[in-house]
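Residue numbers (our numbering): 141 to 388.
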């Protein structure tokens with residue numbers, strides 16, 4: 141059986157456990173107060189991978205929205221810009237700053253957007269996101285990414301490029317990831333010592349509250365521990381009044 145098929149089967153097996161867990165049942169359906177949440181999937185996954193997270197949020201009065209960046213296999217700078225535009229749209233639609241929730245690569249792309257546009261971001265949740273060194277992920281994942289860059293050189297559009305590994309894209313975004321988050325953008329970094337994709341120490345963001353869970357990398361978004369940990373943080377962010385949204 142292919143590795144990806146095994147991952148999908150493991151994730152499917154986790155769903156019934158989540159749906160039966162008390163954390164799935166909303167205590168306050170109005171908790172979110174209409175707060176917008178932008179969901180950013182991980183590398184090689186589309187918006188569908190966070191669909192259950194979206195359901196959980198919606199049942200609590202949040203307004204989740206997918207990032208619409210396809211399978212998250214494109215140039216980091218291009219995707220960052222698309223995420224910022226999506227944030228602008230969602231902030232305008234919901235009337236205030238948006239919570240960003242990203243898994244793996246989606247988390248550090250969301251962090252890039254938060255550093256550049258804190259006027260759009262109320263809070264940041266990163267799941268298994270190696271913000272200290274995105275290229276420090278499991279070698280198998282990095283090899284796949286480099287193959288995509290080679291395909292890009294052959295003319296295949298919409299993929300990572302060599303610039304994302306050694307060029308301006310890499311240098312610019314590495315420097316941005318090293319920047320401190322703005323003080324008015326609280327952040328949570330969820331990590332697992334069982335993560336075989338993103339080493340947990342690379343997920344330790346000095347500007348984020350660290351939350352340890354015990355799931356696999358791809359299973360974090362289906363882990364009741366994650367939802368139990370993040371719910372009070374989201375509720376706190378949802379209670380605050382929002383400043384007006386300015387244009388870039």
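Glycine residues also receive a C-beta, built at the ideal position from the N, C-alpha and C atoms.
Every value quoted in this text rests on a predicted model; they were computed, and no experiment measured them.
In this structure, the straight-line span from the alpha carbon of residue 332 to that of residue 354 is close to 5 Å.
The C-beta separation of residue 241 from residue 193 comes to about 7 Å, placing the pair in contact by the 8 Å criterion. Ranked by Cα distance from residue 338, the first of 222, 320, 282 and 375 is 282. In the structure shown, the three-state DSSP call for residue 242 is strand.
If the five residues before and after residue 216 are omitted, its C-beta is found closer than 7 Å to the C-beta atoms of 249, 304, 309 and 313, all from its own chain and listed in chain order.
Around the beta carbon of residue 295, a 10 Å sphere encloses fewer than 16 other beta carbons of the protein chains shown; the residue is thus reported as exposed. Partner residues in the beta bridge of residue 328, as assigned by DSSP, are 265 and 349.
Its chain contains 300 as the residues whose beta carbon lies nearer than 7 Å to that of residue 285, once the 5 sequence neighbours on both sides are disregarded; these appear in chain order. Under the 10 Å beta carbon count, residue 334 is surrounded by fewer than 16 other beta carbons and is classified as exposed. Between residue 368 and residue 197, the alpha-carbon positions lie close to 12 Å from each other. In the DSSP assignment, residue 223 falls outside any beta strand (DSSP E) and within the unbroken alpha helix (DSSP H) covering 216 to 234. In the DSSP assignment, residue 169 falls outside any alpha helix (DSSP H), carrying neither H nor E.
Ranking 230, 269 and 209 by CA distance to the CA of residue 221 puts 209 first. The C-alpha of residue 218 lies about 22 Å from the C-alpha of residue 320.
At the C-beta level, residue 329 and residue 348 come within 9 Å of one another.
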